[in-house]
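Protein chains: 2
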Amino acid sequence: MSIREASNARRRMAIIDAAHAIISQKGLQALNIRDIGKACGCAPGTIYTHFEDLDTLILYVNSRTLNQLAQVLETIDEAGQGGSVPDRLCNMADAYLGFAVANRSAWQALFEHQMERPIPQWHRDDHFRLFGSIARLLLLHKPGLDAAQAQLVARGLYSSVHGIVSLGIAPRLLRLSDQEIRQQMHLVINGILSRLVVEDQKDP
Amino acid sequence: MSIREASNARRRMAIIDAAHAIISQKGLQALNIRDIGKACGCAPGTIYTHFEDLDTLILYVNSRTLNQLAQVLETIDEAGQGGSVPDRLCNMADAYLGFAVANRSAWQALFEHQMERPIPQWHRDDHFRLFGSIARLLLLHKPGLDAAQAQLVARGLYSSVHGIVSLGIAPRLLRLSDQEIRQQMHLVINGILSRLVVEDQKDP
DNA sequence: CAAAAAATTGATCGTCGTTCAATATTATTG
DNA sequence: CAATAATATTGAACGACGATCAATTTTTTG
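This is the structure:
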């Protein structure tokens with residue numbers, strides 16, 4: 000890597016760092032080009048030589064947040080490998096809630112951000128990575144499950160937990176206690192898992 | 000009502016109509032004061048004599064959308080009064096999906112919109128109205144249920160369905176077919192309902 | 001070391017939400 | 001029915017925004 004490439008990579012990282020810090024501290028709404036420039040020591044125009052536009056930069060910040068989240072969830076899951084699948088899924092859901100609360104602004108930015116252009120595939124994959132862990136657990140719980148079906152149920156499970164956390168901690172509606180949110184999540188998780196068993200008993 | 004009051008009410012309604020139309024057609028992001036003024040035939044400044052700011056105006060648009068949604072759900076529910084509670088809840092969920100797809104931009108604006116100031120109570124109540132219908136059905140399905148518990152489960156159910164629809168039709172992740180989304184929703188609804196029964200059998 | 005290539009700058013553009021003095025409209029009073 | 005007060009409307013103006021680009025500085029190449 001040439002000196003120029005290294006310098007560019009450093010600058011690029013500094014811009015993402017600055018944007019990530021601003022989003023984490025003040026939220027996506029407060030993010031603007033001039034403040035990013037001040038925070039990382041460059042002129043506004045410089046940012047546009049490293050990122051197509053502000054939306055693209057946000058994509059990279061969100062990708063970083065998403066990978067942090069995925070790592071937290073996977074670590075939690077590996078730690079509880081001995082336990083039952085329902086317990087492990089509940090632990091993952093609790094960890095999801097914990098991450099959302101602890102990194103509220105950055106987590107919110109994941110879903111708050113919208114761009115007109117189609118989202119690039121590499122960022123979609125960052126999201127799908129989360130489903131994978133869940134699908135693996137579902138297959139562990141019920142080995143006979145069709146792979147595509149497991150993926151769909153995993154996404155449904157993730158979406159449900161996301162909805163519960165999203166509306167649970169939103170100030171739009173009254174914010175629920177973490178305990179109430181966990182109760183909702185566990186009810187959904189155990190409900191879906193028991194249904195998977197019930198449908199299995201009906202079918203073959 | 001004086002001529003002036005009537006004129007103000009008409010103007011106020013025209014502004015909300017215009018804003019609602021723009022949000023429905025082009026989305027919340029495309030909404031701006033000048034276009035609203037053009038659409039309802041007044042100057043930008045006039046809008047600020049009828050609404051504190053753009054955020055407040057959006058609140059009124061969202062309130063209208065929310066009431067449309069509540070009416071659709073309540074109508075659907077009344078139509079299926081003969082059926083079982085699980086079926087009625089599934090029908091309501093299907094109607095929720097239908098509304099979100101048919102009124103995508105307006106529906107999205109409900110959750111996309113964020114303001115720094117606290118949301119006024121009257122708008123919170125517009126949201127809580129939706130939980131009420133669900134809680135009533137839960138109590139119908141399981142009369143012994145505690146009222147507060149029913150409200151919490153209702154909110155969890157609503158949140159889950161919302162999450163499934165939200166991430167299901169979002170272009171962020173690959174958009175699922177309506178059929179796949181319904182499958183996810185029905186799994187969650189039946190799962191939660193069966194869990195309610197199970198927990199009941201354990202406890203008393 | 002000079003020429004080419006690339007990166008950086010900051011003034012500048014058009015657009016946005018919002019404000020406000022000036023103007024026009026409606027209501028009240030003598 | 002004036003005349004005056006109260007209110008509503010206007011559109012130019014302000015500061016902040018994302019984005020652009022000619023001018024400048026820095027780095028690489030021959």
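From first to last, the protein sequence lines are chains A and B. Here numbering that gives the first Met the number 0 is used: the first residue of the first sequence is 0, the next is one more, and so on. Here numbering that gives the first Met the number 0 is used: the first residue of the second sequence is 0, the next is one more, and so on. Note that CB positions come from ideal geometry on N, CA and C, so glycine has one too.
Legend entry - Neighbourhood of proline 43 of chain A by C-beta distance below 7 Å, restricted to the same chain and skipping five residues each side: Sequence index remark: in the first sequence, residue 43 of chain A carries index 44 (1-based). Same-chain partners within the cutoff: Ile32, Arg33 and Gly36.
Legend entry - Continuous alpha helix (DSSP H) stretch holding glycine 97 of chain B: start and end: Residue 97 of chain B sits at position 98 when you count from the first residue of the second sequence. Membership of glycine 97 of chain B in the alpha helix (DSSP H) is indicated by the continuous run 84-101.
Inset, instruction - Would you identify the three-state DSSP class for lysine 25 of chain A, choosing helix, strand or coil? - result: Mapped onto the first sequence, residue 25 of chain A falls at position 26. Looking at lysine 25 of chain A - three-state DSSP - the assignment turns out to be helix.
Inset, instruction - State yes or no: is the beta carbon of glutamine 28 of chain A nearer than 9 Å to at least one beta carbon in chain B? - result: Residue 28 of chain A sits at position 29 when you count from the first residue of the first sequence. Yes, glutamine 28 of chain A counts as interfacial toward chain B.
Legend entry - Proximity test, Cβ basis, 9 Å: glycine 167 of chain A and chain B: On the first sequence, residue 167 of chain A is found 168 positions in, with the first residue counted as 1. Taking CB atoms only, glycine 167 of chain A has a neighbour in chain B less than 9 Å away.
Inset, instruction - Would you kindly check if the distance between the Cβ of glycine 155 of chain A and the Cβ of methionine 184 of chain B is under 9 Å? - result: To locate residue 184 of chain B, count along the second sequence from 1; it is residue 185. To locate residue 155 of chain A, count along the first sequence from 1; it is residue 156. Result yes, Cβ atoms of methionine 184 of chain B and glycine 155 of chain A sit closer than 9 Å.
Legend entry - Integer-rounded CB distance, given that leucine 144 of chain A should sit under 8 Å from leucine 136 of chain A: Translated into the one-based positions of the first sequence, residue 136 of chain A becomes position 137. Translated into the one-based positions of the first sequence, residue 144 of chain A becomes position 145. The Cβ separation is near 11 Å, so there is no contact.
Legend entry - Below-9 Å beta-carbon distance, glycine 97 of chain B vs any chain A residue: Position 98 of the second sequence holds residue 97 of chain B. Cβ-Cβ to chain A under 9 Å: no for glycine 97 of chain B.
Inset, instruction - With DSSP collapsed to three states, give me the class of glycine 36 of chain A. - result: Looking up residue 36 of chain A in the first sequence gives position 37. Look at glycine 36 of chain A here: in three-state DSSP terms it is helix.
Legend entry - Delimiting residues of the alpha helix (DSSP H) encompassing glutamate 77 of chain B: Here residue 77 of chain B is taken as the residue at index 78 of the second sequence, counted from 1. Looking at the DSSP string, the run of the alpha helix (DSSP H) that includes glutamate 77 of chain B is 53-78.
Inset, instruction - Name the two residues that bound the continuous alpha helix (DSSP H) containing serine 158 of chain A. - result: Within the first sequence, the letter at position 159 stands for residue 158 of chain A. From DSSP, the alpha helix (DSSP H) with serine 158 of chain A extends over 146-168.
Inset, instruction - Taking 9 Å as the cut-off, decide whether the C-beta atoms of methionine 12 of chain A and aspartate 54 of chain A are in contact. - result: The residue you call residue 12 of chain A lines up with position 13 of the first sequence. The residue you call residue 54 of chain A lines up with position 55 of the first sequence. Taking 9 Å as the cut-off, the beta carbon of methionine 12 of chain A is found no closer than this to the beta carbon of aspartate 54 of chain A.
Legend entry - Cut-off 8 Å between Cβ atoms - residues of its own chain near isoleucine 191 of chain A, not counting five sequence neighbours on either side: Counting from one through the first sequence, the residue named residue 191 of chain A turns up at place 192. Once the five neighbours on either side are set aside, the close Cβ partners of isoleucine 191 of chain A are Val152, Gly155, Leu156 and Ser159.
Legend entry - Test: arginine 174 of chain A CB closer than 9 Å to a CB of chain B: Here residue 174 of chain A is taken as the residue at index 175 of the first sequence, counted from 1. With respect to chain B, the C-beta atom of arginine 174 of chain A has no partner C-beta closer than 9 Å.
Legend entry - Beta-carbon proximity check, cysteine 89 of chain B vs arginine 181 of chain B, cutoff 9 Å: Within the second sequence, numbered from 1, the residue matching residue 89 of chain B stands at position 90. Within the second sequence, numbered from 1, the residue matching residue 181 of chain B stands at position 182. Taking 9 Å as the Cβ cut-off, cysteine 89 of chain B and arginine 181 of chain B qualify as a contacting pair.
Legend entry - glutamate 73 of chain B to cysteine 41 of chain A span [Cα, whole Å]: Taking the first residue of the second sequence as 1, we reach residue 73 of chain B at position 74. Taking the first residue of the first sequence as 1, we reach residue 41 of chain A at position 42. Looking at the two C-alpha atoms, the distance is approximately 56 Å.
Inset, instruction - Please work out which residues of its chain come closer than 6 Å, Cβ to Cβ, to serine 165 of chain A, disregarding the five sequence neighbours upstream and downstream, and give them in chain order. - result: Numbered from 1 along the first sequence, position 166 holds the residue referred to as residue 165 of chain A. Closer than 6 Å at Cβ, skipping near neighbours: no residue.
Inset, instruction - Compute the Euclidean distance between the alpha carbons of phenylalanine 98 of chain A and leucine 68 of chain A, then round it to the nearest angstrom. - result: Working through the first sequence from its first residue, we reach residue 98 of chain A at position 99. Working through the first sequence from its first residue, we reach residue 68 of chain A at position 69. Each residue's Cα considered, the two are about 7 Å apart.
Legend entry - Candidates B:Gln178, B:Arg3, B:Ala147 and B:Ile2: closest to alanine 92 of chain B by CA position: In the second sequence, counting from the first residue as 1, residue 92 of chain B sits at position 93. Considering only alpha carbons, the answer is B:Gln178.
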